[in-house]
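Q: Pasting a structure here, questions to come.
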Amino acid sequence: MRFGRIAAFLAVSLAVAGSAPASAHPSTPGAHPAGSAPAGARPSVDDGPQRAAARGSGVRVGTAVDMAALAADAPYQQAVAREFDSVTPENVMKWEAVEPQPGVYDWSAADQLVDFARKNGQLVRGHTLVWHSQNPSWLTEDAYSPAQLRTLLRKHILDEVGHFKGRVWAWDVANEVFNEDGTLRDTIWLRALGPGYIADAFRWAHQADPKALLFLNDYNNEGVNAKSDAYYALAKRLRAQGVPVHGYGMQGHLAVQYGFPGDVLQNVRRFDALGVKTAFTEVDVRMLLPADSAKVQAQAEGFGLLLRACLLARSCVSYTVWGFTDKYSWVPGVFSGEGSATLYDENLQPKPAYDTVRETFLLAR
Ligand code: 9MR
């Protein structure tokens, strides 16, 4: 049961007017063949408190995984297995990682993660198929004509989704295609192929694995704003055209110092109404360093806000954090003077946000 007696409390705490919380979650992530963990597949690690709390909620609790850390850091590896029931490769399924030279594939790191997930009864969110960033250095508009780029993108998607067919639950097919003002982002794909590249990417992915859930994905699209309006319009149009778009991903990179969007549930629910699944795909809540108890508490509220919206929405299928420990977080390398963005500190000790996530899952049982 997704909503217990405290649903009304959750709704009030989200400052949602009007409509009652939706009833039990209709979608079963395990419906995909990759979703049913084989019996006895987890011989070594018991569910941790977070994974246990999420069980039965209808929402998978996931993390991005850093493959170098997974190989080298045993406590990290144990925490991934223990605390999460979904994993996303932080980098190793990106185009530059899987096809370093034209036509030369390297699936090794991504295969390792998929195997790890299977052993631990976890689903895999594939990330990502068409993006403007982390493409191979050989993939340029100087080297290829628009027609060739279209052929390359088609082959990339068919080959990658085909390689993982039946083993990846959901794909972030198109990543970060809009600007903040809702116009399409100027990328190699838009310039070479025009706006139809998005629909094509979904069609090719669906052709390669008809059972995988296919998502749009972006940041700053959690609340109602010009960017999320553009996604809503795009999802509506593509679905009306029969394009296999199944989900809307909100990365959830929040920052304490900017405050949090207030209308996340309203946004998620309009995608519910379209029949589109939703997911929080890369949640972290950074802060200006040094951390103090007020910032750490605000951070916990940010994590909780997104999870509550997910649990109160009908079709939110997963809540994924973008790394769970500050030891390996991408944040300090990109935002100078900021950090402490994840659920655990550098020593893998949980912060208040960890308790908030666990307790929020428990409240929804
Ligand atoms: O966390 C990823 C980091 O290790 C990479 O260097 C970076 C390169 O762009 O990508 C990071 O992940 C991004 C994700 O793929 C898409 N949404 C934003 C994430 C943080 O930048």
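Numbering (mature numbering (1 follows the signal peptide of the UniProt record, and there is no 0)), first residue to last: -24 to -1, 1 to 341. Glycine included, every Cβ here is placed at the ideal spot set by N, Cα and C.
Comparing C-alpha positions only, which one of Asn243, Leu241, Asp268, Gln124 sits nearest to Val232?
A: Val232 has its Cα closest to that of Asp268, out of Asn243, Leu241, Asp268, Gln124.
Q: Can you determine whether any heavy atom of the ligand 9MR sits closer than 7 Å to the C-beta of His108, and answer yes or no?
A: Because no heavy atom of the ligand 9MR lies under 7 Å away, the Cβ of His108 does not count as near it: no.
Q: Under 7 Å from any heavy atom of the ligand 9MR, does the C-beta of His132 make it?
A: Every heavy atom of the ligand 9MR is 7 Å or more from the Cβ of His132, so no.
Q: Kindly list the residues whose CB is nearer than 8 Å to the CB of Trp306, restricted to its own chain and excluding five residues on each side of it in sequence; keep chain order.
A: The answer, listed in chain order, is Glu66, Trp298, Gly299.
Q: Would you tell me roughly how many angstroms separate the C-alpha atoms of Leu288 and Trp114, rounded to the nearest one?
A: Roughly 44 Å separates the two Cα atoms.
Q: Starting from Phe92, follow the beta strand (DSSP E) in both directions and report where the run begins and ends.
A: That residue, Phe92, is in no beta strand (DSSP E); its alpha helix (DSSP H) goes 84 to 95.
Q: Nearest to residue 376 by alpha carbon, out of Ala340, Arg341, Pro326?
A: It is not possible to answer for residue 376, since the shown part of the chain is limited to -24 through 341.
Q: In the DSSP output, what is Cys286 paired with across the bridge?
A: DSSP lists no partner for Cys286.
Q: Buried or exposed: which applies to Asp157, given that a residue is buried once 16 or more other Cβ atoms fall within 10 Å of its Cβ?
A: Asp157 should be labelled exposed.
Q: Looking at the structure shown, is Pro25 part of a helix, part of a strand, or coil, going by DSSP?
A: Pro25 falls in the helix class under three-state DSSP.
Q: DSSP three-state call for Gln227: helix, strand or coil?
A: Residue state, collapsed to three classes: coil.
Q: Which residue comes first and which comes last in the alpha helix (DSSP H) that contains Arg130?
A: Arg130 -> alpha helix (DSSP H) spans 122 to 139.
Q: Starting from Gly315, follow its DSSP beta bridges and name the residues at the other end.
A: BP columns for Gly315 point to Met263.
Q: What is the rounded straight-line gap between the Cα of Asp22 and the Cα of Met226?
A: One C-alpha to the other measures close to 30 Å.
Q: So who's on the other strand from Ser62, going by DSSP bridges?
A: Ser62 is bridged to Gly38, Leu99.
Q: In this structure, does DSSP put Ser(-12) in helix, strand or coil?
A: With a pLDDT of only 46 at Ser(-12), under 50, the local geometry of the prediction cannot be trusted, and no value is derived from it.
Q: Determine the extent of the beta strand (DSSP E) in which Val297 is found, giving its start and end residues.
A: From DSSP, the beta strand (DSSP E) with Val297 extends over 292 to 297.
Q: Below 8 Å CB to CB, which residues in the same chain sit around Val214 once its five sequence neighbours on both sides are set aside?
A: Note that residue 214 is Leu in the sequence shown, not Val. Contacts found: Ile174, Ala175, Phe178, Val221.
Q: The ligand 9MR and Ala103: does the residue's C-beta get closer than 7 Å to at least one heavy atom of that ligand?
A: Ala is not the amino acid found at residue 103; the sequence shown has His there. Flag set: Cβ of His103 near the ligand 9MR.
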